[in-house]
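In what follows, a single structure is set out as structure tokens and then discussed.
Residue numbers (the working numbering), protein chains in the order written: chain A, 1 to 261; chain B, 1001 to 1268.
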């Protein structure tokens, strides 16, 4: 167990938001992949975005990253509207996702240098060295990313995700391909990063033990809507379940039986 | 400063790719060298059997050199773009602060570097082995190269837009574009040789003006600078249209979700 942070104000509605999503909607034809959702992520807060396949998690992340246009609604990252001030918003954001590996034909160091330059990182050499150390990548610095194991690639993706010291970090199943020991280390490192830099994190995962361990708040999505929201420790009991995993299964199978609290 | 830095990141990525892979560097020199050697011997043979007084070297070898330069410029842009297609890098790039202008700028700078290497190779081979003298063309060589460069950039950006719109498999439309245009561009023969409908198409292509000018100069005739200026304006117009096209297609890809699906396997 990593141990959830207990910093005061986490999840508090009055704490400054790094991400504000309002009435976000995305239609594909007549089907709503995301159906008018609103939520926020505060400074130093880790919010879990949960839901079965097809619930709209990746669609939401893609819209926050500016690679998918919402049908309606607004997304603000530290006050910068992604539609109107894309560069300003994305300079403060970064992400890691299993479906977006770094180019396999560049080495670890080369990839970090290219993306560090793209994000305008100051003292890039020093920052790269610190991340290589933090993610135990020093011996792999000259290895091409394509030949790394999936766990090593995940660590490189996380290093890239933190290279610009983002204010908002989007993590789409960041520990999916890691063994439990490495996954635990990675969670701890993300925790330290969040606590130290007061970063807001939106975290998707299908590992409910991990979610219960790291997230300050969870949003359960079903069919593009937020079905439930709350503390991952208290939410299952509030709906007559023992664990978050039981609640997840209930949301996936019988979403109509549950409603947002 | 920030836009320049992000453009430099795109160029740096291409530099790393080439530095780490000889198979990427070799085609920059190899294909143009093969063309110059092949056409160099053809011109020698034609000089031997043709009536004395006419030199095929500046006409045919010069034409192939200029045409290959144009092709290298176009492929320089499209190959740099395809590297990001092949490595599924769009999400990493376009979810960063990088703008389309900065990205395309990076592709163009990469093409300048690769096409310059190809040009140097061709010039060295053509002059040292086959005796092609660029003094024949005089100062007009500079605007000739400039027009071909601009049109190559325009076609490179347009072909990248096609791949973005129609998916990775459409790269097979991109490779033969120069071959498809070459009959219309009158690389090896005067535009007047073409049937009227092809002549009309030919005058829409900036390279046609370059090759007409090249032949006029070699045969001792005059070539008006204003005609070449017209072709340069045409090439600039094509760059504007290609950039507009790329921007529109990128916008469409963001609106429809095509850009996200280019990399993401699931829309979970």
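From the three backbone atoms N, C-alpha and C, an ideal C-beta is built for every residue, glycine too.
Is any heavy atom of the ligand GTP found at a distance shorter than 8 Å from the C-beta of residue i?
{"i": "residue 1054 of chain B", "result": "As far as ligands go, the structure on display features none, and thus does not contain the ligand GTP."}
Below 8 Å on the Cβ atoms is my guess for residue i versus residue j; work out the distance and round it to an integer in Å.
{"i": "residue 81 of chain A", "j": "residue 225 of chain A", "result": "Wrong, their Cβ atoms sit about 23 Å apart, outside the cutoff."}
{"i": "residue 1205 of chain B", "j": "residue 1184 of chain B", "result": "6 Å"}
{"i": "residue 205 of chain A", "j": "residue 199 of chain A", "result": "Their Cβ separation, rounded to whole angstroms, is 17 Å, which puts residue 205 of chain A and residue 199 of chain A out of contact at 8 Å."}
{"i": "residue 195 of chain A", "j": "residue 177 of chain A", "result": "Not a contact, Cβ separation roughly 25 Å."}
Please work out which residues of its chain come closer than 7 Å, Cβ to Cβ, to residue i, disregarding the five sequence neighbours upstream and downstream, and give them in chain order.
{"i": "residue 1249 of chain B", "result": "1161, 1164 and 1165"}
{"i": "residue 157 of chain A", "result": "96, 101 and 102"}
{"i": "residue 108 of chain A", "result": "137, 140, 141, 143, 145 and 156"}
{"i": "residue 1028 of chain B", "result": "1114, 1117 and 1118"}
{"i": "residue 1078 of chain B", "result": "1156, 1159, 1160 and 1174"}
{"i": "residue 166 of chain A", "result": "92, 93, 94 and 199"}
{"i": "residue 1170 of chain B", "result": "1162 and 1163"}
Once the 5 residues before and after residue i are set aside, which same chain residues still bring their CB inside 8 Å of it?
{"i": "residue 1247 of chain B", "result": "1100"}
{"i": "residue 1071 of chain B", "result": "1152 and 1178"}
{"i": "residue 117 of chain A", "result": "124"}
{"i": "residue 1050 of chain B", "result": "1056"}
{"i": "residue 1191 of chain B", "result": "1199, 1202, 1203, 1208 and 1212"}
{"i": "residue 47 of chain A", "result": "39, 41, 200, 201, 202, 203, 215, 216, 217, 218 and 219"}
{"i": "residue 120 of chain A", "result": "91 and 164"}
If you count every other CB in all the chains shown that lies within 10 Å of the CB of residue i, and 16 or more means buried, which is it?
{"i": "residue 31 of chain A", "result": "exposed"}
{"i": "residue 1241 of chain B", "result": "exposed"}
{"i": "residue 209 of chain A", "result": "exposed"}
{"i": "residue 23 of chain A", "result": "exposed"}
{"i": "residue 1075 of chain B", "result": "buried"}
{"i": "residue 1142 of chain B", "result": "exposed"}
{"i": "residue 19 of chain A", "result": "buried"}
{"i": "residue 28 of chain A", "result": "exposed"}
{"i": "residue 192 of chain A", "result": "exposed"}
{"i": "residue 1052 of chain B", "result": "exposed"}
{"i": "residue 248 of chain A", "result": "buried"}
{"i": "residue 216 of chain A", "result": "buried"}
{"i": "residue 227 of chain A", "result": "buried"}
{"i": "residue 133 of chain A", "result": "exposed"}
{"i": "residue 127 of chain A", "result": "buried"}
{"i": "residue 1120 of chain B", "result": "exposed"}
{"i": "residue 53 of chain A", "result": "exposed"}
{"i": "residue 262 of chain A", "result": "Within the shown structure, residues of chain A are numbered from 1 to 261, placing residue 262 of chain A beyond reach of any answer."}
{"i": "residue 1122 of chain B", "result": "buried"}
{"i": "residue 1009 of chain B", "result": "buried"}
{"i": "residue 122 of chain A", "result": "exposed"}
{"i": "residue 1267 of chain B", "result": "With a pLDDT of 31 at residue 1267 of chain B, under the threshold of 50, the modelled position of that residue is not reliable, and the figure given next carries that caveat. Residue 1267 of chain B is buried by the Cβ-count criterion."}
{"i": "residue 1013 of chain B", "result": "buried"}
Looking only at its chain, what residues have a beta carbon closer than 6 Å to the beta carbon of residue i, apart from the 5 residues adjacent to it on each side?
{"i": "residue 1018 of chain B", "result": "1024 and 1025"}
{"i": "residue 1003 of chain B", "result": "1102"}
{"i": "residue 1232 of chain B", "result": "1147"}
{"i": "residue 233 of chain A", "result": "none"}
{"i": "residue 171 of chain A", "result": "96 and 203"}
{"i": "residue 75 of chain A", "result": "21, 64 and 82"}
{"i": "residue 1007 of chain B", "result": "1102, 1105 and 1106"}
{"i": "residue 89 of chain A", "result": "77, 80 and 82"}
{"i": "residue 1216 of chain B", "result": "1223"}
Along the chain, where does the alpha helix (DSSP H) that runs through residue i open and close?
{"i": "residue 1079 of chain B", "result": "1062–1086"}
{"i": "residue 1202 of chain B", "result": "1196–1202"}
{"i": "residue 1110 of chain B", "result": "1100–1128"}
{"i": "residue 1218 of chain B", "result": "1206–1218"}
{"i": "residue 1185 of chain B", "result": "1177–1185"}
{"i": "residue 1227 of chain B", "result": "1225–1256"}
{"i": "residue 170 of chain A", "result": "Not the alpha helix (DSSP H): residue 170 of chain A falls in the beta strand (DSSP E), residues 168–172."}
{"i": "residue 1164 of chain B", "result": "1141–1166"}
{"i": "residue 47 of chain A", "result": "Unbroken run through residue 47 of chain A is the beta strand (DSSP E), 46–50; no alpha helix (DSSP H)."}
{"i": "residue 141 of chain A", "result": "Per DSSP, residue 141 of chain A belongs to no alpha helix (DSSP H) and is neither H nor E."}
{"i": "residue 1192 of chain B", "result": "It is not in any alpha helix (DSSP H) - residue 1192 of chain B carries neither H nor E in the DSSP assignment."}
{"i": "residue 1092 of chain B", "result": "1090–1094"}
Over the uninterrupted beta strand (DSSP E) stretch that includes residue i, give me the two end residues.
{"i": "residue 68 of chain A", "result": "No beta strand (DSSP E) contains residue 68 of chain A, which DSSP labels as neither H nor E."}
{"i": "residue 33 of chain A", "result": "31–42"}
{"i": "residue 23 of chain A", "result": "17–28"}
{"i": "residue 229 of chain A", "result": "225–230"}
{"i": "residue 94 of chain A", "result": "93–97"}
{"i": "residue 222 of chain A", "result": "217–222"}
{"i": "residue 1007 of chain B", "result": "Per DSSP, residue 1007 of chain B belongs to no beta strand (DSSP E); it is in the alpha helix (DSSP H), 1002–1019."}
{"i": "residue 201 of chain A", "result": "200–204"}
- prompt: If you measure beta-carbon to beta-carbon, which residues of the region 107–139 of chain A are closer than 9 Å to chain B?
  reply: For the region 107–139 of chain A, the beta-carbon criterion of a distance under 9 Å to any beta-carbon of chain B is satisfied by 107, 110, 111, 113, 114, 115, 116, 117, 118, 119 and 120.
- request: With 7 Å as the limit, tell me which residues of the region 56–90 of chain A have their beta carbon closer than that to any beta carbon of chain B; keep them in chain order.
  value: Going along the region 56–90 of chain A in chain order, one finds 57, 58, 59, 62, 65, 66, 67, 68, 69, 87 and 90 with a Cβ nearer than 7 Å to chain B.
- prompt: Taking a cut of 7 Å between CB atoms, which residues from the region 154–177 of chain A lie near chain B?
  reply: For the region 154–177 of chain A, which is checked against every Cβ of chain B, not one residue is closer than 7 Å.
- prompt: Taking any Cβ of chain A, which residues in the region 1073–1101 of chain B have a Cβ under 9 Å from it, in chain order?
  reply: Going along the region 1073–1101 of chain B in chain order, one finds 1083, 1084, 1086, 1087, 1088, 1089, 1090, 1091, 1092, 1093, 1094, 1095, 1096, 1097, 1098 and 1099 with a Cβ nearer than 9 Å to chain A.
- request: Pull out every residue of the region 200–212 of chain A whose Cβ sits closer than 9 Å to any Cβ of chain B, in chain order.
  value: Against chain B - using a Cβ distance shorter than 9 Å - the residues of the region 200–212 of chain A are 204.
task: Could you name the residues of the region 1231–1258 of chain B whose beta carbon sits closer than 9 Å to any beta carbon of chain A, in the order they occur along the chain?
output: Contacts with chain A (Cβ-Cβ distance below 9 Å) from the region 1231–1258 of chain B involve 1251, 1253, 1254, 1255, 1256 and 1257, listed in chain order.
message: Beta carbons nearer than 7 Å to chain A: which residues of the region 1002–1018 of chain B have them?
response: Contacts with chain A (Cβ-Cβ distance below 7 Å) from the region 1002–1018 of chain B involve 1002, 1005, 1006, 1008, 1009, 1012, 1013, 1016 and 1017, listed in chain order.
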